[in-house]
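Enquirer: Here the sequence shown is numbered in my numbering, starting from 67 and rising by one per residue. To start, I am sharing the structure in question, which I have written as structure tokens.
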Amino acid sequence: MASQQSSPFSYPVGDHAVTVQGPLGPLEAILSIPPQADRKALALLCHPHPLFGGSMENKVIFTVHRACRDAGIATLRFNFRGVGKSVGAFDHGAGEQHDVLAVQSWAQATLAVESLVMIGFSFGAFVAATAWSKATQAAMRGQSLMLIAPPVTRFPMTGFQLPAGARVIYGDADEVVDPQAIADWLSTQRADLTIEVLAGASHFFHGRLTELRDWVRAGLISGDRTHG
């Protein structure tokens with residue numbers, strides 16, 4: 067149940083079930099406003115592969131949500147098409163890119179956010195990065211990107227450059243995506259990225275979620291100072 071404590075947004079502090087109109091119909095989402103939010107900063111969280119149980123309740127996504135809360139940043143978690151109450155069916159990332167951009171547009175129009183960071187884990191990292199690459203420069207002004215365990219061997223993540231200041235983290239014991247392939251992909255990207263390789267960490271960061279949370283939180287605070 068949401069608190070009635072005021073916030074910079076039109077929603078009070080707390081968790082709010084919201085519905086966003088996606089390309090195929092309603093998308094299920096949760097908007098969370100932390101008590102210490104002091105400006106209109108928002109993190110848009112993109113979950114892992116829907117066909118393997120990925121949803122906005124995924125433990126990595128929830129860990130990221132907690133990191134955002136600790137940094138005083140509101141979060142908007144949502145389910146891609148065909149997941150939970152979101153209308154549609156899995157579209158191998160193509161349609162999901164349009165879902166992300168629809169949610170982003172909703173946040174900008176409804177919440178009037180001043181700064182937005184798009185954070186994707188695994189399949190969600192692929193969707194976030196490719197959606198970003200297809201959006202107009204004007205639409206992405208004042209926004210940033212954070213990728214967790216990008217699935218470079220499983221989805222086409224070539225033909226575009228990550229935005230300036232993007233942050234990427236992955237484990238060197240990733241059992242789903244070859245860590246060397248991630249390193250090779252990053253070597254083709256711009257030089258001003260912030261990259262973290264967690265020694266011994268798996269794709270799902272088993273036993274390492276606290277370190278992931280701390281890295282995300284530190285990056286959010288650093289990015290907030292940069293944009294503030």
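Cβ coordinates follow ideal geometry from the N, Cα and C atoms, glycine included.
(1) Apart from the five residues on each side of it in sequence, which residues of its chain come closer than 6 Å, Cβ to Cβ, to Gly237?
(2) State the DSSP-derived secondary structure class of Glu180, mapped to helix, strand or coil.
(3) From Ala109 to Phe192, what does the alpha carbon distance come to, in whole angstroms?
(4) Do Trp251 and Thr224 count as a contact pair if the criterion is CB distance below 9 Å?
(5) Taking a contact to mean a Cβ-Cβ separation below 9 Å, would you say Arg233 touches Ala133 in this structure?
(6) Quick check: what's the CA-CA separation for Tyr77 versus His131?
(7) So, is Gly120 buried or exposed, given that buried needs 16 or more other C-beta atoms within 10 angstroms?
(8) Residues bridged to Ser210 by DSSP?
(9) Excluding sequence positions up to five away, which residues of its chain have a Cβ less than 7 Å from the Cβ of Ala178?
(10) Tell me which residues share the same chain as Asp258 and place their Cβ nearer than 7 Å to its Cβ, disregarding the 5 neighbours each side in the sequence.
(11) With distance defined between alpha-carbon atoms, name the residue in Asp81, Asp244, Phe226 and Ser171 nearest to Ala195.
(12) Buried or exposed: which applies to Asp104, given that a residue is buried once 16 or more other Cβ atoms fall within 10 Å of its Cβ?
(13) So for Gln102, helix, strand or coil by DSSP?
Expert: In brief:
(1) Leu264, Ala267 and Ser268
(2) Note: Glu180 maps to coil in three-state DSSP.
(3) Going by the C-alpha atoms only, they are around 17 Å apart.
(4) Judged by beta-carbon spacing, Trp251 lies within the 9 Å limit of Thr224, meaning their Cβ atoms are closer than that value.
(5) no
(6) 17 Å
(7) buried
(8) Answer is Val183.
(9) Lys106
(10) Ala230 and Gly231
(11) Closest option to Ala195, Cα to Cα, is Phe226.
(12) exposed
(13) coil
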